[in-house]
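Trainee: Before we start, here is the structure in question, set down as structure tokens.
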Amino acid sequence: MKLDQLYSLRKNFTIIGLTGKVGAGTSKIAEILSAKDYIKNLDISSFNLDENKPEDLKVKISYNYLKSNENWRNFTVIEYKSVLLLHLLFECVYATRNTNSINDAIKMSFSIIGQNGKSGKYKEIYINRFDISEDYQLLGDYLYNNNKWFDEISKIDFDQYDTLNKYLKANKTERKIYLLFYANFTKFSEGFYDVLNKLNFTKRTRLLHDLANNLRLYGNVINVESGEKNLTHIYTVAETINYLIKLWKSNNSRDTKIIIDSLKNSLELMYFKEKFSAFYMVAVNKSEAERKKYISDKLLKIIGEDTSYKHFKETLKLGDSEYDGTDFSNGEFAYPDIENCIQKSEYHLFFSENDKKFDINRQLIKFISLINQPGIITPSAIERCMQVAYNAKLNSGCISRQVGAVVTDANFSIKSIGWNDVAEHQLPCNLRSVEDLINDKNPSHFSDYEKEGGKFKKGPDILTFKELVSIDFKDLNHKEKELGGRTCSFCFKSHLNTYEGEKNQVHTRSLHAEENAMMQVVKNGGLGLKGGNLFTTASPCELCSKKAFQLGIKNIFYIDPYPGIATKHILKSGIDSKQNPELLMFQGAVGKTFHKLYDPFMPYKDELAILTEIKPKIPQSVRNKKLKSILTDKIQDKDLKNILEDIFNDENTAFDNIIDLLKKGVEVNSL
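Everything in the sequence shown is counted per the UniProt record's numbering, starting at 1 for the first residue and increasing by one.
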């Protein structure tokens, strides 16, 4: 019996979202997984697999599965930048619909591309942007000579559809728009951005940044700074991608296997998580040294040595801005926040060109085989421990960030878990109300300092911490509708640092997850951790790194690198470098994806029995023994028992002799 139908939902519909810092390798992952003959051309002999090692055997099992019976099916890539270009061109044609002229549409594209330049209305607000006064002849020629975009978009009934998403929503089966995007547009998009790279690489990166922000802010590519900033349009690009996925599904007899390259906004990420049960969010990571080298080499190839360093610095600057998500943290939810995207990802790949033990192909074949055949292999010890840390973080009452940690011995036996939270017998921040502090309710919830301490100069007055908090939240009574029943907590560290004009991390009320996990070992009697492992869903700060070093922790597995100097200073300062803890970026599954990949549809033994129709056969000797036991228990006559004993002496003829006796008995009865 075949079980294809059982796994068809997994095999036939899969959406993978990629995220990562600039230069981390998301595009390379998309390229690998979109290759039709990827598995056929993959030579795993370079893996040097040792079949006595369980993790190597898992790789072999995954590879054998994918190369068999068409289990490998390549993915189609939807590039985020191509979606942005589709929006740009749609709006250009729409804006010039009265003339229906490709030349007017092209001129409109110049206007949008240069909207944030120095001669535009925003003057010096934006830097490193294309300007409307620049020479766009090369770009104009490209758009004019490759005019299929205009031919197809200009056929749209603009009286009925004034936005791209309205059109896509109403025409999810339209063959022409399907062919425009999936047959030609990716290649056309690459050429478009290649032209912009030649004009100015840095300005091209800023253009993509601005177009995406505008679409999420205002629902169109034009910067309408005066427009109201709310969440109405936050999913504009995500919805476009969703419609394009449906367009593929309705127009294609092939499986729907899509990669989105790449997502930089965590709300868009959550959109796809909520939209598709078959969505897998994958973070692609790379060491800082390799990442920077990749960017540098790419720039040298594109623009040459003369100006590459300048563009290199600007690329890193924008990348850092998109990663830390400061604007997002300040309520500007339309802006990128790659750090949050990595934190919310539930599968992690580590891309290294230099270290063979992190071969990306090993990681990918394991990942894809588990999508198609959940539970075909079991989690690694590293995945198992990180999953516990991932679950532990949900216990955190910190309102800024939840982090989980696990401490194990050298054999990955878990000795303790921890999460960032206040000390025992204190109340976590998410359970405290700022209204209670201001109104002198539940005094045991707050420290003496919060209730009475602090001396801060504000104008001619000296105010306490509580008085400053009261001023900050003076309009809270008018925010009940906005709060929607939520308790209004507050972050002590954020307020105190603001009042002091400092960035002091010591002011946190919570223990860090890593130190909490290590202290739990001591609290419960103490166990040796020398040579052990620390798992953290973030990465250890300077203080936690020192504690790990002191305890003799050998390996620290982390998901998201800490921005401080812990890595280069604390963890690399041993007299004997062999004693330094090794920092290892996590690879594998966590969260819901952990269960989706490793929870089999049925016990593997049952599945094999159904597929092969092979089951253990009962030996004749066992059958004879059972029958003899039954008959012996029932027969009381000694002579009959002796006859029975003689019959069963020859196990090969025992059953035949019993049948002969039964036949003779029937014959006698019939007389």
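Idealized CB from N, CA, C, for every residue including glycine.
Remember, it's a predicted structure, so these values are computed and weren't measured experimentally.
Given residue 579, which residues of its chain have a CB within under 6 Å of its CB, disregarding the five upstream and five downstream residues?
Mentor: Excluding sequence neighbours, residue 579 sits near nothing in its chain.
Trainee: Just to confirm the assignment, what range does the beta strand (DSSP E) spanning residue 408 have?
Mentor: Unbroken beta strand (DSSP E) run through residue 408: 404-408.
Trainee: Determine the direct distance from the alpha carbon of residue 63 to that of residue 194, and round the result to whole angstroms.
Mentor: Straight-line Cα distance between these residues: approximately 36 Å.
Trainee: Just tell me which of 291, 292 and 242 has its CA closest to the CA of residue 273.
Mentor: Cα-wise, what sits closest to residue 273 is 242.
Trainee: Quick check: the Cα distance between residue 409 and residue 531, rounded to an integer number of angstroms?
Mentor: Going by the C-alpha atoms only, they are around 7 Å apart.
Trainee: Which value, in whole angstroms, describes the spacing of the CA atoms of residue 379 and residue 598?
Mentor: Residue 379 and residue 598: Cα-Cα distance of roughly 7 Å.
Trainee: Would you identify the three-state DSSP class for residue 271, choosing helix, strand or coil?
Mentor: In this structure, residue 271 counts as helix in the three-state DSSP scheme.
Trainee: Check residue 307 in the structure and name its three-state DSSP category.
Mentor: Three-state result, residue 307: helix.
Trainee: Under 7 Å Cβ to Cβ from residue 663, same chain only, skipping five residues before and after it: list those, please.
Mentor: Hits under 7 Å: none found.
Trainee: Using only alpha-carbon positions, find the residue among 164, 600, 156 and 29 that is nearest to residue 244.
Mentor: Measuring from the Cα of residue 244, the nearest candidate turns out to be 164.
Trainee: For residue 17, count neighbouring Cβ atoms within 10 angstroms of its own Cβ and tell me buried if that reaches 16, exposed if not.
Mentor: So residue 17 counts as buried.
Trainee: So residue 521 is in the beta strand (DSSP E); what residue range does that whole segment cover?
Mentor: Here residue 521 belongs to no beta strand (DSSP E); instead the alpha helix (DSSP H) covers 513-523.
Trainee: In the DSSP assignment, what are the bridge partners of residue 416?
Mentor: DSSP, once it has assigned bridges, lists 407 as partnering residue 416.
Trainee: Do residue 271 and residue 347 have their CB atoms nearer than 8 Å?
Mentor: Their beta carbons are not under 8 Å apart, which means residue 271 does not touch residue 347 by this criterion.
Trainee: Rounded to whole angstroms, what is the Cα-Cα separation between residue 438 and residue 351?
Mentor: Spanning the two alpha carbons is a distance of roughly 50 Å.
Trainee: State the CB to CB distance for the pair residue 473 and residue 434, rounded to an integer number of angstroms; the pair is presumed to be in contact (CB under 8 Å).
Mentor: Their Cβ separation, rounded to whole angstroms, is 5 Å, which keeps residue 473 and residue 434 in contact under 8 Å.
Trainee: Are there 16 or more other CB atoms within 10 angstroms of the CB of residue 566, so buried, or fewer, so exposed?
Mentor: Residue confidence is low: residue 566 scores 49 on pLDDT, short of 50, so the model does not pin down where it sits. Its coordinate-derived value is still stated next. Buried, by the Cβ-count rule.
Trainee: Taking residue 103 as the reference, give the member of 119, 136 and 357 with the closest Cα.
Mentor: Looking at the Cα atoms, 136 is the closest of the given residues.
Trainee: If you run the structure through DSSP and keep just helix, strand and coil, what is residue 481?
Mentor: Reduced to three states, the DSSP call for residue 481 is helix.
Trainee: Following the continuous beta strand (DSSP E) through residue 261, name the residue where it begins and the one where it ends.
Mentor: Its beta strand (DSSP E) spans residues 256-261.
Trainee: Taking just the CA atoms, how far does residue 425 sit from residue 594?
Mentor: C-alpha separation (whole angstroms): 33 Å.
Trainee: Distance check for residue 268 and residue 19, CA to CA, integer angstroms please.
Mentor: Using only the alpha carbons, I get a separation of about 11 Å.
Trainee: What are the boundary residues of the alpha helix (DSSP H) that includes residue 238?
Mentor: Where residue 238 is concerned, the enclosing alpha helix (DSSP H) stretches over 236-251.
Trainee: Would you tell me roughly how many angstroms separate the C-alpha atoms of residue 436 and residue 423, rounded to the nearest one?
Mentor: Their Cα atoms are separated by approximately 21 Å.
Trainee: What is the DSSP secondary structure of residue 120, reduced to helix, strand or coil?
Mentor: In this structure, residue 120 counts as coil in the three-state DSSP scheme.
Trainee: Does DSSP classify residue 79 as helix, strand or coil?
Mentor: Correct three-state label for residue 79: strand.
Trainee: Roughly how many whole angstroms lie between the Cα atoms of residue 43 and residue 184?
Mentor: Those two C-alpha atoms are separated by around 31 Å.
Trainee: Compute the Euclidean distance between the alpha carbons of residue 338 and residue 482, then round it to the nearest angstrom.
Mentor: Near 27 Å, if we compare the C-alpha coordinates of residue 482 and residue 338.
Trainee: Mind reading off the beta-carbon distance from residue 154 to residue 82? Whole number of angstroms is fine, and I expect it under 8 Å.
Mentor: In fact, because the Cβ distance is near 19 Å, the residues do not count as touching under 8 Å.
Trainee: Give me, in chain order, the residues of the same chain whose beta-carbon lies closer than 6 Å to that of residue 492; leave out the 5 immediate sequence neighbours on both sides.
Mentor: Counting only Cβ-Cβ distances below 6 Å, and skipping sequence neighbours, we find 509.
Trainee: Whole angstroms are fine: how far does the CA of residue 22 sit from the CA of residue 322?
Mentor: Those two C-alpha atoms are separated by around 9 Å.
Trainee: Are the segment 381-389 and the segment 361-371 touching by the rule of at least three beta carbon pairs closer than 8 Å?
Mentor: Short answer: they don't touch.
Trainee: Should residue 238 be labelled buried (16 or more other beta-carbon atoms within 10 Å of its own) or exposed?
Mentor: Classification for residue 238: buried.
Trainee: Taking C-beta to C-beta, are residue 388 and residue 406 nearer than 8 Å?
Mentor: Yes, these two residues count as a Cβ contact at 8 Å.
Trainee: State yes or no: is the C-beta of residue 393 within less than 8 Å of the C-beta of residue 341?
Mentor: Contact: no.
Trainee: Could you round the C-beta distance between residue 518 and residue 547 to whole angstroms and report it? I think they count as a contact, below 8 Å.
Mentor: With a Cβ gap of about 6 Å, residue 518 and residue 547 count as contacting.
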